[in-house]
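Down below is the structure, laid out as C-alpha cells.
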Amino acid sequence: MAPASCLGVKHRQVCTPAGSPRSSRLRSHEDSTTSSEGEDESEDTNDSEYEEKSEDTDEEVTTDAAGHGGEKKDKKDKEDKGESGRCPDARLKFVRHLSTAPVTITFTIRVERTFLERDWNVYRRFKAPEPKSALLRDAENDGDVYLLTKDGTKVAAQSAVLMKVPYFSALLEPHWKRKPQTPGQQLELDLPCPVEKTALQIFLNYVYGDTGPLFRILPLHAQVLQDILRLADACDVPALCSEIDGFVEVTKENAQLWLQWLREMRGSNIELSSIRKQMVGHLKQVFSEAVMWEDLDDDQLAALVAFGHDLRNRES
Numbered sequence: 001m002a003p004a005s006c007l008g009v010k011h012r013q014v015c016t017p018a019g020s021p022r023s024s025r026l027r028s029h030e031d032s033t034t035s036s037e038g039e040d041e042s043e044d045t046n047d048s049e050y051e052e053k054s055e056d057t058d059e060e061v062t063t064d065a066a067g068h069g070g071e072k073k074d075k076k077d078k079e080d081k082g083e084s085g086r087c088p089d090a091r092l093k094f095v096r097h098l099s100t101a102p103v104t105i106t107f108t109i110r111v112e113r114t115f116l117e118r119d120w121n122v123y124r125r126f127k128a129p130e131p132k133s134a135l136l137r138d139a140e141n142d143g144d145v146y147l148l149t150k151d152g153t154k155v156a157a158q159s160a161v162l163m164k165v166p167y168f169s170a171l172l173e174p175h176w177k178r179k180p181q182t183p184g185q186q187l188e189l190d191l192p193c194p195v196e197k198t199a200l201q202i203f204l205n206y207v208y209g210d211t212g213p214l215f216r217i218l219p220l221h222a223q224v225l226q227d228i229l230r231l232a233d234a235c236d237v238p239a240l241c242s243e244i245d246g247f248v249e250v251t252k253e254n255a256q257l258w259l260q261w262l263r264e265m266r267g268s269n270i271e272l273s274s275i276r277k278q279m280v281g282h283l284k285q286v287f288s289e290a291v292m293w294e295d296l297d298d299d300q301l302a303a304l305v306a307f308g309h310d311l312r313n314r315e316s
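And the structure:
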C-alpha cells in the first residue's frame, strides 16, 4: 500500500492515500493556495520539508510539498495502528490495563478410594473401634479373676465382663457382697466342668465379643468343639451352643465320638438339632451299606423287632 499523505487545511488534517483522485485535487488546491501567498514563500515551501508532530501519539511524520509521506520513525506505533492509511489524530487508541493485585483461587478436590476386599479388611481392623476382646489381651496385667483349666493352668479375665455370664454372675455377686473388691485383688474360680486351655480361651473370646477364634476351628475337630459345647452348656450360654451346632460336620471318622458325647449330655437343655440330624443320616447310611439282613440270626432279628416296637410306643 502506498504511504499516506497529510494536508493541513484551515487547522484540520485530511488524510488520503497517495495517488487517489481526491489526493490530486488536494494537491492542486495546495499549489494554488501557496502561489497566491507569494512567489518567495511558494519556492521555500516546495524546496523544504516540514515535520508535523502528533500530540496524541508522539509520532513524527515527514512529508514533502508533493504529498509523498516519509517512513514513520516509531515502528511499534505502526503495528498498533493496524492501518497505514490513517492519520494519527484519526486513530483510536486502545490501552491495555494489567492488574497487579494478587488473586486467590480455591480448589476443591474430591478423592474416591477404591478398596480391594483384602485391603478393606485391613483398613477396617485399624479404623474400627476395638471390641471388648481387646480387654482380654490386657487381662494378664489388669485382670482380677483367674479361671482354672483342666490341667491347673490359670487364665486371666475381668470380672466386669464375666458378670454377664449367668454362671460367673452367680459366683461373683455373693462374693463381692461379702468382701468388697479392693484394687489389685485377684480371685481364682473353678470352671463348672473341666476343659482344656484352648477351649477356655475360645469360650472367653466369645464372651468378650470376638467370634473369630471360634470359626477358625475346623468343623471336623470334634474334641475341641465338644469341650466348648460342654462349657457353654454348663455356663448357660445357649447362643454359643447354637453357633457350634450350625457348623459342626459329622463324618464317618468322628461319628463315634459325637454319638458317645450325645449320650453323656443326656438330660441337658442344650439344643443340637443339626448334630443329631447328621448323626441319624450317617447311621442310616451305615446300616444300609453294612447290614446284610440275610446273614442275621434269629436272636439279632428278634432284637431289631423289639427295638422297632419300642420306637413305635415312644411315638404314640
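Numbered per the UniProt record's numbering, the sequence shown spans residues 1 to 316. Positions of the beta carbon are idealized from the N, C-alpha and C atoms, including for glycine.
* To do: Please report the Cβ distance between I270 and L229, rounded to the nearest whole angstrom; I am assuming they are in contact, meaning their Cβ atoms lie under 8 Å.
  => What you label residue 270 is simply residue 270 of the sequence shown in a count that begins at 1. What you label residue 229 is simply residue 229 of the sequence shown in a count that begins at 1. Sure, about 7 Å apart at Cβ, within 8 Å.
* Asked: What is the DSSP secondary structure of Y208, counted as helix, strand or coil?
  -> Residue mapping note: residue 208 aligns to position 208 of the sequence shown, counting from 1. Coil.
* Residue environment, W261, which counts as buried when at least 16 other CB atoms sit within 10 Å -> Counted from its first residue, the sequence shown places residue 261 at position 261. With 16 or more other Cβ atoms within 10 Å, it is buried.
* To do: Please confirm whether A234 and C193 have their CB atoms less than 8 Å apart.
  => Here residue 234 refers to the residue found at position 234 of the sequence shown. Here residue 193 refers to the residue found at position 193 of the sequence shown. Contact flag set, yes.
* To do: Rank F215, T106, A157 by C-alpha distance to the C-alpha of G143 and give the top, closest one.
  => On the sequence shown, residue 143 is found 143 positions in, with the first residue counted as 1. Selected option, being the one with the closest Cα: A157.
* Can you list, in chain order, the residues of its chain whose CB lies under 8 Å from that of T251, leaving out five sequence neighbours each side? -> Taking the first residue of the sequence shown as position 1, residue 251 is located at position 251. Excluding residues within five positions, the ones whose Cβ falls inside 8 Å are L220, H282.
* Could you check which residue in K177, T106, N141, L135 has the C-alpha nearest to that of G209? => The count along the sequence shown starts at 1 and reaches residue 209 at position 209. Of the candidates K177, T106, N141, L135, the one whose C-alpha sits nearest the C-alpha of G209 is L135.
* Buried or exposed: where does Q285 fall if 16 or more other Cβ atoms within 10 Å of its Cβ makes it buried? -> Translated into positions along the sequence shown, residue 285 becomes position 285. Label assigned to Q285: exposed.
* To do: Identify whether T108 lies in helix, strand or coil by the three-state DSSP scheme.
  => Numbered from 1 along the sequence shown, position 108 holds the residue referred to as residue 108. Coil.
* From K164 to V237, what distance separates their C-alpha atoms? -> Here residue 164 refers to the residue found at position 164 of the sequence shown. Here residue 237 refers to the residue found at position 237 of the sequence shown. Approximately 10 Å between the Cα atoms of the pair.
* Residue closest to A232, alpha-carbon to alpha-carbon, out of S268, L148, Q278, E188 -> Walking along the sequence shown from the start, residue 232 turns up at place 232. Nearest of S268, L148, Q278, E188 to A232, Cα basis: S268.
* Asked: Where does the unbroken beta strand (DSSP E) through A157 begin, and where does it stop?
  -> Sequence index remark: in the sequence shown, residue 157 carries index 157 (1-based). Where A157 is concerned, the enclosing beta strand (DSSP E) stretches over 154-157.
* Asked: Excluding the five sequence neighbours on either side, which residues of its own chain have a C-beta within less than 8 Å of the C-beta of G212, listed in chain order?
  -> To locate residue 212, count along the sequence shown from 1; it is residue 212. Taken in chain order, the residues that qualify are N205.
* Indicate the three-state DSSP secondary structure (helix, strand or coil) for E294 in the structure shown. => Here the question's residue 294 lines up with position 294 in the sequence shown. In this structure, E294 counts as helix in the three-state DSSP scheme.
* What residue range is occupied by the uninterrupted beta strand (DSSP E) comprising D233? -> Here residue 233 corresponds to residue number 233 of the sequence shown, with the count starting at 1. Note, D233: premise wrong, no beta strand (DSSP E); alpha helix (DSSP H) at 222-234.
* By the 10 Å Cβ neighbour count, where 16 or more other Cβ atoms means buried, how is A199 classified, buried or exposed? -> As a working mapping, residue 199 is identified with position 199 in the sequence shown. Buried: at least 16 other Cβ atoms inside 10 Å.
* Asked: Based on Cα-Cα distance, which residue from L172, E196, Q278, Y167 lies nearest to G152?
  -> As a first step, residue 152 must be located in the sequence shown, where it is residue number 152. Ranking L172, E196, Q278, Y167 by Cα distance to G152 puts E196 first.
* When the Cα of A255 is compared with those of L301, Q226, L171, which residue comes out closest? -> Position 255 of the sequence shown, counting from 1, holds the residue named residue 255. Here the closest residue by C-alpha is Q226.
* Can you check DSSP and say which residues form a bridge with Y146? => Residue 146 sits at position 146 when you count from the first residue of the sequence shown. DSSP output for Y146 lists A156, E188 as bridge partner(s).
* Pull up the distance between the alpha-carbon of V145 and that of D190, whole angstroms please. => Residue 145 sits at position 145 when you count from the first residue of the sequence shown. Residue 190 sits at position 190 when you count from the first residue of the sequence shown. Each residue's alpha carbon lies about 11 Å from the other.
* By how many angstroms is the C-alpha of G246 removed from the C-alpha of D297? -> Mapped onto the sequence shown, residue 297 falls at position 297. Mapped onto the sequence shown, residue 246 falls at position 246. Cα-Cα distance, rounded: 40 Å.
* Would you mind stating whether L162 and V155 have Cβ atoms separated by less than 8 Å? => Here residue 162 corresponds to residue number 162 of the sequence shown, with the count starting at 1. Here residue 155 corresponds to residue number 155 of the sequence shown, with the count starting at 1. It is not a contact, given that the beta carbons lie outside the stated cut-off.
* To do: Name the residue from R266, S274, V224, L259 whose alpha carbon lies nearest to the alpha carbon of S242.
  => On the sequence shown, position 242 is the one that residue 242 refers to. It is S274.
* Considering only residues of the same chain and omitting the five flanking positions on each side of S159, which have a CB-CB separation below 6 Å? -> Position 159 of the sequence shown, counting from 1, holds the residue named residue 159. Closer than 6 Å at Cβ, skipping near neighbours: D144, V145, L172.
* Taking the continuous alpha helix (DSSP H) assigned at C193, which residues delimit it? -> On the sequence shown, residue 193 is found 193 positions in, with the first residue counted as 1. It is not in any alpha helix (DSSP H) - C193 carries neither H nor E in the DSSP assignment.
* Under the assumption that I217 contacts V224 (Cβ atoms under 8 Å), give the Cβ distance between them as a whole number of angstroms. => For the purposes of this step, residue 217 is taken as residue 217 along the sequence shown, with counting starting at 1. For the purposes of this step, residue 224 is taken as residue 224 along the sequence shown, with counting starting at 1. Right, the Cβ-Cβ distance comes to about 6 Å (below 8 Å), so this counts as a contact.
* **Contacts around L301, its chain only, beta-carbon distance under 8 Å, and the 5 residues preceding and following it disregarded** => Sequence index remark: in the sequence shown, residue 301 carries index 301 (1-based). Contacts found: none.
* Which value, in whole angstroms, describes the spacing of the CA atoms of residue 318 and A239? -> The requested residue 318 does not occur in the structure, where the chain is confined to residues 1 to 316.
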